[in-house]
Amino acid sequence: MNNQEIKASIDEILLSFYQKDYSLLSESICYSIQAGGKRFRPILLVKVLEGFNLKITTDVLKVGAALEMIHTSSLIHDDLPAMDNDDYRRGMLTNHKKFGEANAILAGDALLLDPYQLLATVDFEAQIIVKLMLSLAKASGFQGMVGGQSIDINSENQAISYELLKQLHAKKTGAMIVFPFIAAGIIAKVPEATAIQLEHLGEHIGLAFQIRDDIIDVTESFETLGKTPQKDIAENKATYVRLFGLEKAKQLLSEQLNQAEVLLGQILDFNSETLKPIINQLRIKDEL
Ligand code: GRG
């Protein structure tokens, strides 16, 4: 499947889940769902499974859609005044700017809980579904994204160690990007050693994704980002650029992507060509 086909399938699953009835809740959720996300995480899931030569069924895509629900929930909540206080996301008004804070909180709440309903309907063995739910809950909750966001908001204007910065990124952004690698391993029933390699691969790509996000926050415009640029710097956020400067951050991004490429070549019975374009897209052209 190409990226456009994956995006279209994810959109269809999400919209058919939320357009069952008309309500303000449905409208506000669909507003954010249709705001033009890249669907990076579901694309990763599909590409890893294709690397193992697995057929991409609607059930597989539902797992990707469940992940995208939580991702969208996190963006809505992240934009709220009490968090990052952003007016624009994906080039459009943020959910709370359009629908008000209470509705935005509820849209995020639904998108955070509904994935488990969707996963429960997937036509996989019960044991596989439970493993997927466990991994998704870990990736998004206390041990993952929410834990990372807590470090993030509490380290604004603070001197932060490299160790804490790595932990922040691994949890806030990394865990949700590692999930597609773990989920693909669960669905493809790979041996334990391969599952560990997949997790490490996801960790490198997740870290690279966040370093890149820190870099483009200072180098790109509103038009490219779809949100206010240089906000991390203005708010003295803990980022790779703040801790290391732009050039070193680019070098660290390059290192993470090189390590991902090495790992990619070591996974047994895996066609690494499916993931190489994604790794290349994360590279910044003038990197060192
Ligand atoms: C209620 C689920 C929930 C979470 C509460 C707000 C919060 C805790 C966490 C925020 C986590 C967060 C926003 C991390 C940033 C991750 C990141 C780099 C997002 C951008 O991802 P892209 O580029 O966005 O994939 P698109 O728009 O393409 O989907």
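Every number in the numbering used here is 94 more than the matching position in the sequence shown, counting from 1. All residues carry an ideal CB built from backbone N, CA and C; glycine is no exception.
**Request:** Using only alpha-carbon positions, find the residue among 243, 235 and 277 that is nearest to residue 221.
**Result:** Sequence index remark: in the sequence shown, residue 221 carries index 127 (1-based). The option with the nearest alpha carbon to residue 221 is 277.
**Asked** At a cut-off of 7 Å, is residue 172 close to ligand 1 when judged by its beta-carbon and the heavy atoms of the ligand?
**Response** Looking up residue 172 in the sequence shown gives position 78. Correct: residue 172 has its Cβ closer than 7 Å to ligand 1.
**Message:** Going by DSSP in three states, residue 239 sits in which element: helix, strand or coil?
**Reply:** Mapped onto the sequence shown, residue 239 falls at position 145. In this structure, residue 239 counts as helix in the three-state DSSP scheme.
**Message:** Please tell me whether, using a cut-off of 7 Å, the distance from the CB of residue 267 to the nearest non-hydrogen atom of ligand 1 is below it.
**Reply:** Position 173 of the sequence shown, counted from the start, is the residue given in the question as residue 267. For ligand 1, at least one heavy atom lies less than 7 Å from the Cβ of residue 267.
**Asked** If we count the other Cβ atoms within 10 Å of its Cβ and call it buried at 16 or more, is residue 304 buried or exposed?
**Response** By one-based count along the sequence shown, residue 304 stands at place 210. Answer is buried; the Cβ neighbour count reaches 16.
**Message:** Short of 6 Å in beta carbon distance, which residues of its chain neighbour residue 298, apart from the five on each side in sequence? Order them along the chain.
**Reply:** As a working note, residue 298 is residue 204 in the sequence shown. Answer for residue 298: 350, 353 and 354, listed in chain order.
**Asked** Hey, is residue 186 close to ligand 1, as in C-beta under 7 Å from one of its heavy atoms?
**Response** Counted from its first residue, the sequence shown places residue 186 at position 92. Residue 186: no, Cβ never under 7 Å from ligand 1.
**Message:** Going residue by residue through the segment 155-230, where are the continuous beta strand (DSSP E) segments of at least 3 residues, counting only ones entirely within it?
**Reply:** none
**Asked** Tell me which same chain residues have a C-beta within less than 7 Å of the C-beta of residue 312, skipping the five on either side of it?
**Response** Reading the sequence shown from its first residue, position 218 is the one you call residue 312. So the qualifying residues of the chain are 324, 327, 335 and 340.
**Item:** Any alpha helix (DSSP H) of 4 or more consecutive residues that is wholly inside the segment 279-324
**Value:** 286-313 and 316-319
**Asked** Any heavy atom of ligand 1 closer than 7 Å to the CB of residue 224?
**Response** For this step, residue 224 is matched to residue 130 along the sequence shown. Answer for residue 224: no, Cβ out of range of ligand 1.
**Message:** Taking a contact to mean a Cβ-Cβ separation below 8 Å, would you say residue 167 touches residue 205 in this structure?
**Reply:** Start at 1 with the first residue of the sequence shown, and residue 167 comes out as number 73. Start at 1 with the first residue of the sequence shown, and residue 205 comes out as number 111. Cβ distance < 8 Å, so residue 167 and residue 205 count as in contact.
**Asked** Sorry if obvious, but does the Cβ on residue 181 come closer than 7 Å to a heavy atom of ligand 1?
**Response** As a position in the sequence shown, residue 181 is number 87, starting the count at 1. No, ligand 1 has no heavy atom inside 7 Å of this Cβ.
**Request:** Could you tell me how far apart the beta carbons of residue 142 and residue 292 are, in whole angstroms, since I believe they sit closer than 8 Å?
**Result:** Translated into positions along the sequence shown, residue 142 becomes position 48. Translated into positions along the sequence shown, residue 292 becomes position 198. With a Cβ gap of about 7 Å, residue 142 and residue 292 count as contacting.
**Request:** Would you grab the beta carbon distance between residue 155 and residue 107 for me? Rounded to a whole angstrom, and I think it's under 8 Å.
**Result:** In the sequence shown, counting from the first residue as 1, residue 155 sits at position 61. In the sequence shown, counting from the first residue as 1, residue 107 sits at position 13. Yes, they are in contact, since the Cβ atoms of residue 155 and residue 107 sit about 6 Å apart, within 8 Å.
**Request:** Return yes when at least one heavy atom of ligand 1 lies under 7 Å from the C-beta of residue 164, else no.
**Result:** Mapped onto the sequence shown, residue 164 falls at position 70. Flag set: Cβ of residue 164 near ligand 1.
**Asked** Does at least one heavy atom of ligand 1 sit under 7 Å from the Cβ of residue 86?
**Response** With the chain covering 95 to 382 only, the question about residue 86 has no answer from this structure.
**Message:** For residue 275 and residue 184, what's the separation of their Cα atoms in angstroms?
**Reply:** Your numbering for residue 275 matches position 181 in the sequence shown. Your numbering for residue 184 matches position 90 in the sequence shown. Straight-line Cα distance between these residues: approximately 25 Å.
**Request:** Please find out if some non-hydrogen atom of ligand 1 comes closer than 7 Å to the beta-carbon of residue 167.
**Result:** Numbered from its first residue, the sequence shown carries residue 167 at position 73. Yes, since a heavy atom of ligand 1 falls inside the 7 Å radius drawn around the Cβ of residue 167.
**Message:** Tell me whether residue 227, by its Cβ, gets closer than 7 Å to a heavy atom of ligand 1.
**Reply:** As a working mapping, residue 227 is identified with position 133 in the sequence shown. False, no ligand heavy atom lies under 7 Å from that Cβ.
**Request:** Could you tell me the distance, in whole angstroms, from the CA atom of residue 272 to the CA atom of residue 116?
**Result:** By 1-based counting over the sequence shown, the position of residue 272 is 178. By 1-based counting over the sequence shown, the position of residue 116 is 22. Straight-line Cα distance between these residues: approximately 35 Å.
**Item:** Residues near residue 144 by beta carbon distance below 8 Å, same chain, minus five either side
**Value:** Taking the first residue of the sequence shown as 1, we reach residue 144 at position 50. Same-chain partners within the cutoff: 95, 150, 365 and 368.
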